[in-house]
Amino acid sequence: MRLLLPVALFLLALVAQSAAAQAPPPAVAARSWLLLDFNAGQAIAGQAENERSEPASLTKLMSAYLVFEALREKRIALDQAVPVSEKAWRMGGARTFIEPRRQVTVDELLHGMIVQSGNDATVALAELVAGSEEAFAQLMNRAAKRLGLKDTNFVNATGWPDQSHYSTARDLATLAAALIREFPERYQLYAQKEFHYNNITQQNRNRLLWLDPNVDGVKTGHTEAAGYCLIASAKRGQRRLISVVLGTKSDSLRAQESQKLLNYGFQFYDSVRLYEKEQPISTLRVWKGDRNEVKAALPEDVYLVLPKGDAEKIKAEFVSRQPLIAPVNAGQPVGTLRLTLDGKAVGEHTAVALESVPLAGVFGRLWDTMRLWFN
1 MRLLLPVALF
11 LLALVAQSAA
21 AQAPPPAVAA
31 RSWLLLDFNA
41 GQAIAGQAEN
51 ERSEPASLTK
61 LMSAYLVFEA
71 LREKRIALDQ
81 AVPVSEKAWR
91 MGGARTFIEP
101 RRQVTVDELL
111 HGMIVQSGND
121 ATVALAELVA
131 GSEEAFAQLM
141 NRAAKRLGLK
151 DTNFVNATGW
161 PDQSHYSTAR
171 DLATLAAALI
181 REFPERYQLY
191 AQKEFHYNNI
201 TQQNRNRLLW
211 LDPNVDGVKT
221 GHTEAAGYCL
231 IASAKRGQRR
241 LISVVLGTKS
251 DSLRAQESQK
261 LLNYGFQFYD
271 SVRLYEKEQP
281 ISTLRVWKGD
291 RNEVKAALPE
301 DVYLVLPKGD
311 AEKIKAEFVS
321 RQPLIAPVNA
331 GQPVGTLRLT
341 LDGKAVGEHT
351 AVALESVPLA
361 GVFGRLWDTM
371 RLWFN
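Using the working numbering, read the sequence shown as starting at 1 and increasing by one per residue.
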């Protein structure tokens, strides 16, 4: 059965610039990169995005994810005092300058890890959450598996160089999206431009926070092997994009190439909400139930990223599972919504029953059984 898309989608298409739809992605001076639409979870463009690379301090996104999780579960608290081990204190690279005999809180360590990229602060948090950095790395890998990071392995919390420590542009984009989606109130830390601790003020290394008012994160990274890396995110209106740029040659270049990608995504693509969560898309016949019908809907909002001007070309087809026989439980899959653009599949989504339909009485079931025989 064919479905008409919402009128708003048609109006959006009328004002879109169809000529822009053919614009190729820009040339990006990086080893690998990816541009992701946050709402749709859809990659707009990329190059070598599944190639394993040393993530450097981009690793700290996963460290922050686990600390945020511990805060949400009330296993730790922001005002909690944290002991500083000798290992944390002696960490090299970027530092917050925590000291064993100076009291430091979880909140201060979070600022140190996120704003200053402090390796010492990161190790102190890892030890607090898991007892040791090694145990924390095991938690990182479990979370990576849960989030669907297929080409990622962590051996430490900071991104300290190790041949067994790697990720990809695609996995890092997925991780950044998960952090933003699951911890929006904590994510605001990534927009902070500087942090003062132990009489030292250090600035956030993400240059885009000063260059683009729409950018509110996310994380920089650098080692000799990794090159200069940046995960950036910008929000314009209700739309958010995430770019991952790995292996550029300088601090300024990683910012420049990230800005280029974000501008490209906003200028030449639309993120269109085709269906709202639990918006009925069809009414289905139910057999042997105490009601004859059930409404089908999608369990989540459905977004699709399209070149500007292509929205009106989207076609939707709903294929129901028939016969649908009671009992039907709310949330039970009852069909599939298929989306195509110029005859090519661009999305497939499972539709579920909006409400439960219990079994009918004996006579109702017998009557529908006979009708099914004849049908």
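By construction, the Cβ of each residue, glycine as well, lies at the ideal position given by its N, Cα and C atoms.
Predicted, not measured: the structure shown is a model, and the values here were computed from it.
Where the beta strand (DSSP E) containing I231 begins and where it ends: As a first step, residue 231 is located in the sequence shown; it is residue number 231 there, counting from the start. 227-236 is the span of the beta strand (DSSP E), which, as asked, contains I231.
Sequence-distant residues of the same chain with beta carbon closer than 7 angstroms to R236, five excluded per side: Within the sequence shown, numbered from 1, the residue matching residue 236 stands at position 236. Correct list, in chain order: N214, F266.
Residues near S117 by beta carbon distance below 6 angstroms, same chain, minus five either side: Position 117 of the sequence shown, counting from 1, holds the residue named residue 117. Within the same chain, S117 has close Cβ partners S57, A94.
Assigned secondary structure, P184 (DSSP; H/G/I helix, E/B strand, else coil): In the sequence shown, counting from the first residue as 1, residue 184 sits at position 184. In this structure, P184 counts as helix in the three-state DSSP scheme.
Between the CA atoms of L34 and Q47 - distance to the nearest angstrom: Residue numbering aside, residue 47 sits at position 47 when the sequence shown is read from its first letter. Residue numbering aside, residue 34 sits at position 34 when the sequence shown is read from its first letter. Answer to the nearest angstrom: the Cα atoms are 7 angstroms apart.
Beta-carbon spacing of A30, G221 below 8 angstroms: On the sequence shown, residue 30 is found 30 positions in, with the first residue counted as 1. On the sequence shown, residue 221 is found 221 positions in, with the first residue counted as 1. Contact flag unset, no.
Q322 classed as buried or exposed, judged by whether at least 16 other C-beta atoms fall within 10 angstroms: Start at 1 with the first residue of the sequence shown, and residue 322 comes out as number 322. Exposed, because fewer than 16 other Cβ atoms sit within 10 Å of the Cβ of Q322.
E194 in three-state terms, based on DSSP: By 1-based counting over the sequence shown, the position of residue 194 is 194. Looking at E194 - three-state DSSP - the assignment turns out to be strand.
Check whether F68 and R186 have beta carbons under 8 angstroms apart: As a position in the sequence shown, residue 68 is number 68, starting the count at 1. As a position in the sequence shown, residue 186 is number 186, starting the count at 1. Contact flag set, yes.
Buried versus exposed, by CB contacts within 10 Å (16 or more), S63: Within the sequence shown, the letter at position 63 stands for residue 63. Burial call: buried.
Among Q103, F38, V129, the one whose alpha carbon lies nearest that of R75: In the sequence shown, counting from the first residue as 1, residue 75 sits at position 75. Residue V129 is the option with its Cα nearest to R75.
Neighbour-count burial assignment, P358, 16 or more Cβ in a 10 Å radius: In the sequence shown, residue 358 corresponds to position 358, counting from 1. Exposed.
R142 - partner residues in DSSP beta bridges: Taking the sequence shown and counting its residues from 1, one reaches residue 142 at position 142. The partner list for R142 (beta bridge, DSSP) is empty, contrary to what the question assumes.
Residue(s) in a DSSP beta bridge with W287: Taking the sequence shown and counting its residues from 1, one reaches residue 287 at position 287. Paired residue(s): I325.
Beta-carbon proximity list for V155, same chain, < 6 angstroms, skipping 5 on both sides: Within the sequence shown, residue 155 is the residue found at index 155, counting from 1. Answer for V155: A137, D162, S164, H165, listed in chain order.
Sheet register partners of V218 (DSSP bridge): Along the sequence shown, read from residue 1 onward, the residue named residue 218 stands at position 218. V218 pairs with A232.
Cβ-based burial, A88 [other Cβ within 10 Å; buried from 16]: Counted from its first residue, the sequence shown places residue 88 at position 88. Per the 10 Å Cβ criterion, buried.
Test item: CB-CB of P307 and K295 under 8 angstroms: For the purposes of this step, residue 307 is taken as residue 307 along the sequence shown, with counting starting at 1. For the purposes of this step, residue 295 is taken as residue 295 along the sequence shown, with counting starting at 1. Cβ atoms of P307 and K295: not closer than 8 angstroms.
Alpha helix (DSSP H) runs contained entirely in the segment 46-131, provided each spans 4 or more residues: 60-72, 86-89, 106-114, 119-130
Span of the beta strand (DSSP E) around Y275: Locating residue 275 in the sequence shown gives position 275, counting from the first residue. That run of the beta strand (DSSP E) goes 269-275.
Whole-angstrom distance between Q202 and H196, CA atom to CA atom: Here residue 196 refers to the residue found at position 196 when the sequence shown is read from its first residue. Here residue 202 refers to the residue found at position 202 when the sequence shown is read from its first residue. Between H196 and Q202, the C-alpha separation is close to 6 angstroms.
Alpha carbon of L284 to alpha carbon of A353, nearest angstrom: As a working note, residue 284 is residue 284 in the sequence shown. As a working note, residue 353 is residue 353 in the sequence shown. Roughly 9 angstroms between the two C-alpha positions.
Cβ-based burial, G217 [other Cβ within 10 Å; buried from 16]: Translated into the one-based positions of the sequence shown, residue 217 becomes position 217. So G217 counts as buried.
N- and C-terminal bounds of the alpha helix (DSSP H) containing L208: Here residue 208 refers to the residue found at position 208 of the sequence shown. Unbroken alpha helix (DSSP H) run through L208: 208-211.
Alpha-carbon spacing of A77 relative to T122, whole angstroms: As a working note, residue 77 is residue 77 in the sequence shown. As a working note, residue 122 is residue 122 in the sequence shown. So the alpha carbons of these two residues sit roughly 16 angstroms apart.
Residues sharing a beta bridge with S243, DSSP: Sequence index remark: in the sequence shown, residue 243 carries index 243 (1-based). Answer by DSSP bridge pairing, in chain order: L35, A232.
CA nearest to the CA of F363, picked from K288, R338, E86: On the sequence shown, residue 363 is found 363 positions in, with the first residue counted as 1. For the residues K288, R338, E86, the minimum Cα distance to F363 belongs to K288.
Cβ pair N119, T152 closer than 8 angstroms: In the sequence shown, the residue the question calls residue 119 occupies position 119. In the sequence shown, the residue the question calls residue 152 occupies position 152. Cβ distance not < 8 angstroms, so N119 and T152 don't count as in contact.
V104 to E127 span [Cα, whole Å]: Here residue 104 refers to the residue found at position 104 of the sequence shown. Here residue 127 refers to the residue found at position 127 of the sequence shown. Between V104 and E127, the C-alpha separation is close to 14 angstroms.
Identity of the residues DSSP links to V305 by a beta bridge: As a position in the sequence shown, residue 305 is number 305, starting the count at 1. Per DSSP, S271.
Length of the line joining the Cα atoms of R102 and D79: Locating residue 102 in the sequence shown gives position 102, where the first residue counts as 1. Locating residue 79 in the sequence shown gives position 79, where the first residue counts as 1. Distance between the alpha carbons of R102 and D79 is about 15 angstroms.
Residue environment, G343, which counts as buried when at least 16 other CB atoms sit within 10 Å: Counting from one through the sequence shown, the residue named residue 343 turns up at place 343. When all chains shown are included, G343 counts as exposed.
Candidates Q192, G148, I98: closest to I114 by CA position: Here residue 114 refers to the residue found at position 114 of the sequence shown. Nearest of Q192, G148, I98 to I114, Cα basis: Q192.
Three-state secondary structure assigned by DSSP to L298: Within the sequence shown, residue 298 is the residue found at index 298, counting from 1. If DSSP states are grouped into helix, strand and coil, L298 belongs with coil.
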